[in-house]
Structures are given as C-alpha cells and as structure tokens.
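Protein sequences appear in the order of chains E and A.
Throughout the first sequence, residue numbering follows the numbering used here, covering 1 to 77 in sequence.
Throughout the second sequence, residue numbering follows the numbering used here, covering 1001 to 1144 in sequence.
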Amino acid sequence: MKIKVLFFGILEDVSGCREKDFSNFASSDELMKHLKTEYPNLEERTFQIARNQEIININTNLNDGDTIALLPPFAGG
Amino acid sequence: MSKKTLTEGAIKPEKIAKSIGNHSSKTGIGAHNIFLGQVRADKHEGKIVKGIEYSAYDDMAEKTFHEIRESIFEKYDISCMHIYHSIGMVKAGEISLFVFVSSKHRGVSYEASRDVVEQIKDKAPIWKKEIFEGEEYKWVSENK
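What follows is the structure, encoded as structure tokens:
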C-alpha cells in the first residue's frame, strides 16, 4: 500500500520536502499521528487535509494510491 | 475542463490588451469588468519585498477555478469570464491575477468580478512567498 503525501506552502519547510511516500496507514488519523511524530513542528501549524484533491474534515479510510495533501491557509491573488 | 488558469510568471499587459481586443466580435456585451492583482513592494523589518513566488496544488487549483467559474455563471447573468493566475516568480509592480468578466449591462459585471476574486482568495490552493534581496523569504500566511 502506498500513500503519497504532499506538503504545500510553509509546510514544505516544516517537512523539508515537497512530497513523500508512506505505507501501511489505514486512516487519515493514523497517518497524521505519524506525520506529527516525524515532523513535530506540524503540531503548531494550521492546515487542512485533502484526500485526492477533496478536503476532508473527519477521519477517513485510506486506500492504496491515495494522495494526501497538507494545505496551509490559502494565499492566492 | 476549460483551458488552464495557472500561468507561469507575470501576466503581461499585452496579454490583457489582447484579451480585450478578442471580445470586439461579441457585440452583445456592453460592459467589461477587469480586476488586476499587482505585487506590492511591502516592507518588513526594514527589508523590501522584491517579488512573490507563487506555488499551487496545480490540479486541485484548476479544479477549484473550474468550480468557481461554474458557480459564477449559475449566479450571474454574464456573457463570459476569464481567469488567469500567476505561478512562479512575479516581481513587485507586475500583475499576478487577471479576472475579466463581461456582461450586457455594467451592474452584474461588478458584482460577479468581486465574487470571483473573493472566491479565489478563499478557495484556491495557492500560496505565496515574499522574496527579499538575497536568499531571504517569508511565507505569507494570511489572505487579506
């Protein structure tokens, strides 16, 4: 099982990369728990989570090939 | 899906002029409303912003622009609209956002144009980094 995680905006600096692959996380909560351990500074950041380009607000099951994106507050325009 | 909204680098004034010209054959239009976003040379702690580097979740952003477009056409009686948003480096004084709404009469073009810009600020997964002289930069965290 492969989950691709994308880091945008300031979160790119927090993680030190733009994207990274992870495996064996059955839900978004499990994945986030791991990410916050791997990147402790995520804890103090505000961001939304998108699964396959759709914002998710609750714990969501993950499938092989899913893309999870961490989106800090938007700043377009 | 419609043509791409994200465009590399600054939006050139020539592109805007050409876009206006392209509408001369659409004689049912009586009003064009154009919003242009320009990069400011803000000053932070004595350092001056020389430009902004825009980045986006490209696919999601294009999808969002498409949804904004659909919602605007549904809500307002407009003839056509175009949105272009820069990605990558845009220097202070250059244009990074071009919203172009056309309608039969002026009133609706003002309302729709404002709505498009506010929706972009609110919903489009785009981020900006203010670039100062040298290697320094600062992520912009608030969208005012």
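All residues carry an ideal CB built from backbone N, CA and C; glycine is no exception.
Note that the structure is a prediction, hence the values are computed from the model and not measured.
Following the DSSP letters along the chain, one finds D1058(A) inside the alpha helix (DSSP H) bounded by residues D1058 to K1075. With respect to the C-alpha of M1(E), the residue from F7(E), E12(E), E44(E) and L31(E) having the closest C-alpha is L31(E). A residue is called buried once 16 or more other Cβ atoms fall within 10 Å of its Cβ, and E1130(A) is buried on that count. Inter-residue distance for N1033(A) and G1093(A) is about 21 Å (C-alpha atoms, whole angstroms). The C-beta of L1036(A) has fewer than 16 other C-beta atoms within 10 Å across all chains shown, which makes the residue exposed. DSSP lists G1037(A) and H1085(A) as the bridge partner or partners of L1097(A).
Counted as a single uninterrupted DSSP element, the stretch harbouring D66(E) is not any alpha helix (DSSP H), since DSSP gives it neither H nor E. Looking at K36(E), N52(E), N24(E) and T37(E), the one whose alpha-carbon comes closest to that of A69(E) is N52(E). Look at Q48(E) here: in three-state DSSP terms it is strand.
Taken in chain order, the unbroken stretches of beta strand (DSSP E) that lie wholly in the segment 8-50 of chain E and span 3 residues or more are 19-22. Its Cα nearest to that of K1012(A), the residue L1097(A) stands out among G1030(A), L1097(A) and E1074(A). Taking 8 Å as the CB threshold, V1117(A) lines the interface with chain E. In the three-state DSSP reduction, S1109(A) falls in the helix class (H, G or I). Chain E places no beta carbon closer than 8 Å to that of S1102(A), leaving this residue out of the contacts.
Segment contact: the segment 1098-1110 of chain A against the segment 1055-1063 of chain A, fewer than three CB-CB distances shorter than 8 Å; contact not assigned. The beta-carbon of L35(E) is placed no less than 8 Å from the nearest beta-carbon of chain A. Membership of I1016(A) in the alpha helix (DSSP H) is indicated by the continuous run P1013 to G1021. Close partners of S1141(A) in chain E (Cβ separation under 9 Å): G9, I10, T46, P72, P73 and A75. CA-to-CA, the gap between V1099(A) and L42(E) works out to about 34 Å.
Straight-line measurement puts the Cα of I49(E) at about 29 Å from the Cα of H1082(A).
For K1128(A), the nearest beta carbon of chain E is closer than 8 Å to its own beta carbon. A direct Cα-to-Cα measurement between K1091(A) and G1009(A) gives close to 9 Å.
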